[in-house]
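S.K.: Chains as they are written, first to last, in the numbering used here: chain P, 7 to 435; chain U, 7 to 435.
There's a structure below that I have some questions on.
There are 2 protein chains.
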Amino acid sequence: MGIVGLGNVGGGTLTILAENSEEIARKLGFRLQVAAVCSRTAKEKQLPAGIAPALITTDWREVVAHPEVDVVAELVGGTGVAKEVVEGAIAAGKSVVTANKELIALEGVNIWRQAQAKGVTLAMEASVCGGIPIHAVLREGIAGDRIETVFGILNGTSNYILTEIEQNGTAFDAVLAEAQRLGYAEADPTADIGGFDARSKLALLASLAFGVRLTPAEIYTEGIQRVSPTDFAYARQLGCTIKLLCAARRVEGGLFVSVRPALLPVSTIMASVHGAYNAVWCRGAFGADTFYYGRGAGPTPTGVAVVSDLMRVAREIRPEPAHRVPPFAHTELPDASPLPIGDQKRPWYLRFRITDRPGIIRDLSSILAGHGISIDAVLQLPDQDKHNLPFVITLENSLESSVRSAVEKMAALEFMVEPPLAMPIERGV
Amino acid sequence: MGIVGLGNVGGGTLTILAENSEEIARKLGFRLQVAAVCSRTAKEKQLPAGIAPALITTDWREVVAHPEVDVVAELVGGTGVAKEVVEGAIAAGKSVVTANKELIALEGVNIWRQAQAKGVTLAMEASVCGGIPIHAVLREGIAGDRIETVFGILNGTSNYILTEIEQNGTAFDAVLAEAQRLGYAEADPTADIGGFDARSKLALLASLAFGVRLTPAEIYTEGIQRVSPTDFAYARQLGCTIKLLCAARRVEGGLFVSVRPALLPVSTIMASVHGAYNAVWCRGAFGADTFYYGRGAGPTPTGVAVVSDLMRVAREIRPEPAHRVPPFAHTELPDASPLPIGDQKRPWYLRFRITDRPGIIRDLSSILAGHGISIDAVLQLPDQDKHNLPFVITLENSLESSVRSAVEKMAALEFMVEPPLAMPIERGV
Chain P
7 MGIVGLGNVG GGTLTILAEN SEEIARKLGF RLQVAAVCSR TAKEKQLPAG
57 IAPALITTDW REVVAHPEVD VVAELVGGTG VAKEVVEGAI AAGKSVVTAN
107 KELIALEGVN IWRQAQAKGV TLAMEASVCG GIPIHAVLRE GIAGDRIETV
157 FGILNGTSNY ILTEIEQNGT AFDAVLAEAQ RLGYAEADPT ADIGGFDARS
207 KLALLASLAF GVRLTPAEIY TEGIQRVSPT DFAYARQLGC TIKLLCAARR
257 VEGGLFVSVR PALLPVSTIM ASVHGAYNAV WCRGAFGADT FYYGRGAGPT
307 PTGVAVVSDL MRVAREIRPE PAHRVPPFAH TELPDASPLP IGDQKRPWYL
357 RFRITDRPGI IRDLSSILAG HGISIDAVLQ LPDQDKHNLP FVITLENSLE
407 SSVRSAVEKM AALEFMVEPP LAMPIERGV
Chain U
7 MGIVGLGNVG GGTLTILAEN SEEIARKLGF RLQVAAVCSR TAKEKQLPAG
57 IAPALITTDW REVVAHPEVD VVAELVGGTG VAKEVVEGAI AAGKSVVTAN
107 KELIALEGVN IWRQAQAKGV TLAMEASVCG GIPIHAVLRE GIAGDRIETV
157 FGILNGTSNY ILTEIEQNGT AFDAVLAEAQ RLGYAEADPT ADIGGFDARS
207 KLALLASLAF GVRLTPAEIY TEGIQRVSPT DFAYARQLGC TIKLLCAARR
257 VEGGLFVSVR PALLPVSTIM ASVHGAYNAV WCRGAFGADT FYYGRGAGPT
307 PTGVAVVSDL MRVAREIRPE PAHRVPPFAH TELPDASPLP IGDQKRPWYL
357 RFRITDRPGI IRDLSSILAG HGISIDAVLQ LPDQDKHNLP FVITLENSLE
407 SSVRSAVEKM AALEFMVEPP LAMPIERGV
């Protein structure tokens, strides 16, 4: 295969191809080979260890023409050279993988017609919601459904700004200035805060979901510039938060499509999408609600989408059915016994029910100390029955086998009404 | 194609094939034909309108042997007859779609080897998390990544019970009895509340994610029977909720795999999975965090997975590249202009900034009434500046064009410090 463009996404793609090559080969049953690379500034020393293409060039035509290249990844972006690369590759009978939102939103259907005429594949998982495999989901995973509504949070910058306004009560202009200073927002932030980037993505997402051709300019679009801390205060009174919501709904006679700030109940799963994350929520006529969440952009999250597409195309262009995607994702599945669960370290929650008397904490803490376990906190709810008193000890990160052994010892103490209940605490899910 | 088994999932599958046939044909570019159906009690009158197979039988062998059947959907369940159907179909050179969690968790790899040897496809999206296309995601969508951790809420019944204990403070036994009365829990609930159903699903999910073969019996498993309202009260003090968490983590030297109740911070997206919904959270080495959510079961959500698999296999067994999955999911994309956004009805949030004086609400409400718009509530935060006073009016479901026209009229009132900010309120995302 050949890679054209070594910016953020191209760099992330090569990183994954280099560092994840064993896993990729184990999934495919064969190795992916980068035969040619093109970049305006390509130098071999810039490539990660393990990537040594036969050809490094500044002319994309050489990549497309290379006899060992059967798939071209267009990672240039924009609608100029990128379009020439994509159309040139298809004309040469090569399949194309692209991460190019602008080009696909504007010209996707035309490009696909060219690919279809040449019998090659056009793969574009990375072109919408880089880190969320929404394309695989809509194209195959829930293809049997009929989508009625798609909601999305599709622009990480504006979602980051709204999250900051909400969490710190800072005014829009100050948050934007800080985001620009940190590099989260562009010097000219119009595309992000005005909703225009989200609009391109929604046009593409609605095309995928509803099977229609929508141009971004036709979509009703409003930005987040006027949303203030005051609005979050009122929204909170209404049990809501505020998000830049991309919405497309099928109704009798057509589609309603819009990008604009909207109030969402805090109890919805969409309301818990914070910061630079993106999310897509679908309601299908048959499959009910599904929801997808991940990084909207970033070199390696988008690189995962590019590499996954390269793997799919690499399998498709091999004629043998043995190279079809194995249902277990990997071509080999060695037997594996899980590790002993006792070897795992976690913070723990221990809940006791006791008959109260002096010295309880002393007895319990001395057992824990004897097992090398540190107490994090002791909690007791008010107004409990002294003869069946529930209270909780939380533990710092501790070896599970030690916790279990301590719990067993504590269960035998004469003041226990029932054996302690021990549960791990999982942070950062 | 042929369908074996007309229980819940078989029924849901036929419903979708009948009621969604136009959309399916538009996506595929050809029609799916049900040539044969087998059920212990099959009668033609039970089939939905539009499904008229040439053969209706009580003998699955006739379905497998039918010359117009090239894909067999095994929707029987269990590991008895179902195994004969799947192996019989593969032996006859037919591809197989299955929704059978038990069979795949126990025998999946062996069955896949048989399919591979015969050059046919084994598709099993419906076998794990019926309503979530997690199989397409792991097999293709994020295939380029290396999964480090998978967390799941994989059993709807136990999640429903925990949600009820948390929200109503009812004790476990009472919630279980009520769930049984409502048909949400089985008469013998051991598989659900003891974690054994979740364990089978986790074995399969971990096989998909990590490319290893795990047997359910090797997985450390604890049920939710001892989780009480008291535990939720303490968890809340710790900023957490409690979920039956399925976890598989790759560490140096192997995998930690467990099913058991655990505390999760309420700020995590996993904590907002309530009731009968399922969810899977993945952390990849390159793609960071992704999250997938949907119905765990149910005739039509699981039916969507079966039909999507049937569509995938139907495309695969056609040799022409034109039948490859079109990147836009549909083979035809008519141009579509969105409907005028003003025709949409929503509840609305209007935020004003005014110079306070008597008669403000009268003036605003008379404009709204003049546009046929009903006020839902008027909100005002305490201690605001009288000369730049923010307050909010929420509107009942209203036509957007009327709202916009009213807002334009209100913007011209002399007491307005700035034009009103109008945002729709989206319920039930």
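All residues carry an ideal CB built from backbone N, CA and C; glycine is no exception.
Using 7 angstroms as the limit for Cβ to Cβ distance, is P388 of chain U near chain P?
M.R.: No - not a single Cβ of chain P is within 7 angstroms of the one on P388 of chain U.
S.K.: If distances are taken between C-alpha atoms only, which option among U:Y355, U:A254, U:M276, U:I96 comes closest to L385 of chain U?
M.R.: The shortest Cα separation from L385 of chain U among U:Y355, U:A254, U:M276, U:I96 belongs to U:Y355.
S.K.: Please list the partners that L214 of chain P has in chain U, where partner means a Cβ-to-Cβ separation under 9 angstroms.
M.R.: Here the neighbours are P333, F334, A335, H336.
S.K.: Does DSSP put I148 of chain U in a helix, a strand or coil?
M.R.: Three-state result, I148 of chain U: coil.
S.K.: Across which residues does DSSP place K249 of chain P in a beta bridge pair?
M.R.: BP columns for K249 of chain P point to P:A268.
S.K.: Please check if any C-beta of chain U sits within less than 7 angstroms of the C-beta of Q120 of chain P.
M.R.: For Q120 of chain P, the answer is no, since every Cβ of chain U falls outside 7 angstroms of its Cβ.
S.K.: Determine whether the Cβ of K100 of chain P lies closer than 7 angstroms to any Cβ atom of chain U.
M.R.: K100 of chain P does not count as touching chain U.
S.K.: Mark R256 of chain U as exposed unless 16 or more other C-beta atoms lie within 10 angstroms of its C-beta, in which case mark it buried.
M.R.: Buried, because 16 or more other Cβ atoms sit within 10 Å of the Cβ of R256 of chain U.
S.K.: What residues are listed by DSSP as bridge partners for F157 of chain P?
M.R.: The partner list for F157 of chain P (beta bridge, DSSP) reads P:A253, P:W287.
S.K.: According to DSSP, which residues form a beta bridge with Y166 of chain U?
M.R.: According to DSSP, Y166 of chain U bridges with nothing at all.
S.K.: Taking only the alpha-carbon atoms, compute the straight-line gap between A328 of chain P and V265 of chain U and give it to the nearest angstrom.
M.R.: In this prediction, A328 of chain P has a pLDDT of 48, which is less than 50 and means its spatial position is unreliable; nothing more can be read from the coordinates.
S.K.: Pull up the DSSP beta-bridge partners for V384 of chain P, would you.
M.R.: According to DSSP, V384 of chain P bridges with P:I399.
S.K.: I need the DSSP call for V10 of chain U, collapsed to helix, strand or coil.
M.R.: Three-state result, V10 of chain U: strand.
S.K.: Assuming L214 of chain U is part of the alpha helix (DSSP H), what are its boundary residues?
M.R.: From DSSP, the alpha helix (DSSP H) with L214 of chain U extends over 202-216.
S.K.: Where does K351 of chain U fall in DSSP's three states?
M.R.: Looking at K351 of chain U - three-state DSSP - the assignment turns out to be strand.
S.K.: Helix, strand or coil for S27 of chain P? Go by DSSP, reduced to three states.
M.R.: Helix at S27 of chain P.
S.K.: So which residues of chain U does L144 of chain P contact, with C-beta pairs closer than 7 angstroms?
M.R.: Per Cβ cutoff of 7 angstroms: A335.
S.K.: Taking the DSSP output, what are the residues bridged to F262 of chain U?
M.R.: U:R255, per the DSSP bridge assignment.
S.K.: For D258 of chain P, which of U:S27, U:P344, U:I117 has the nearest alpha-carbon?
M.R.: In the sequence on display, residue 258 of chain P carries Glu and not Asp. Comparing Cα-Cα distances from E258 of chain P to each of U:S27, U:P344, U:I117, the minimum goes to U:P344.
S.K.: Can you name the residues of chain P whose CB is closer than 8 angstroms to the CB of V310 of chain U?
M.R.: In chain order: I148, G150, D151, G290, F292, G293.
S.K.: Can you give me the Cβ contacts of G137 of chain U inside the same chain, cut-off strictly under 6 angstroms, excluding the 5 residues immediately before and after it?
M.R.: The residues are G300, R301, P307.
S.K.: Within 10 angstroms of its Cβ, does G158 of chain U collect 16 or more other Cβ (buried), or is it exposed?
M.R.: Answer is buried; the Cβ neighbour count reaches 16.
S.K.: Closest to P54 of chain P by C-alpha separation, out of P:L316, P:A41, P:E25, P:R32, would be which residue?
M.R.: Here the closest residue by C-alpha is P:E25.
S.K.: Could you check if N116 of chain U is buried or exposed, using at least 16 other CB atoms within 10 Å of its CB as the buried criterion?
M.R.: By the 10 Å Cβ count, N116 of chain U comes out exposed.
S.K.: Tell me, please, whether the CB atom of N174 of chain P is closer than 7 angstroms to any CB atom in chain U?
M.R.: Chain U contact via Cβ: absent.
S.K.: For K249 of chain P, count the other beta carbons within 10 Å of its own beta carbon; 16 or more makes it buried, fewer makes it exposed. Which is it?
M.R.: Buried, by the Cβ-count rule.
S.K.: Tell me whether K100 of chain P is buried or exposed, calling it buried when 16 or more other Cβ atoms sit within 10 Å of its Cβ.
M.R.: With 16 or more Cβ atoms within 10 Å of its Cβ, K100 of chain P is classed as buried.
S.K.: Under 7 angstroms between the Cβ atoms of I153 of chain P and C288 of chain P?
M.R.: It is a contact, given that the beta carbons lie within the stated cut-off.
S.K.: Measuring alpha carbon to alpha carbon, tell me which of P:L339, P:S408, P:R363 ends up nearest G380 of chain P.
M.R.: The question names Gly, but residue 380 of chain P in the sequence shown is Ser. When only C-alpha atoms are compared, the closest one is P:S408.
S.K.: What are the boundary residues of the beta strand (DSSP E) that includes M276 of chain P?
M.R.: Taken as a continuous stretch (DSSP letters only), M276 of chain P belongs to no beta strand (DSSP E), as it is neither H nor E.
S.K.: When Cβ atoms are compared, which residues of the region 198-230 of chain P fall closer than 7 angstroms to chain U?
M.R.: Answer in chain order: S213, L214, G217, V218, R219, L220, E224, I225, Y226.
S.K.: Using a Cβ cut-off of 9 angstroms, which residues of the region 259-273 of chain U contact any Cβ in chain P, in chain order?
M.R.: Of all residues in the region 259-273 of chain U, G259, G260, L261, F262, V263, S264, R266, P267, A268, L269, L270, P271, S273 have a Cβ within less than 9 angstroms of some Cβ in chain P.
S.K.: For the beta strand (DSSP E) that T104 of chain U lies in, which residues bound it at each end?
M.R.: Where T104 of chain U is concerned, the enclosing beta strand (DSSP E) stretches over 101-104.
S.K.: With DSSP as the reference, label P340 of chain P as helix, strand or coil.
M.R.: Coil at P340 of chain P, not helix or strand.
S.K.: Is the shortest distance between the beta-carbon of V92 of chain P and the beta-carbons of chain U less than 7 angstroms?
M.R.: Not one chain U Cβ lies under 7 angstroms of V92 of chain P.
S.K.: So, M429 of chain P versus I360 of chain P, is the Cβ gap smaller than 7 angstroms?
M.R.: No; because the gap between Cβ atoms is not below 7 angstroms, this pair is not in contact.
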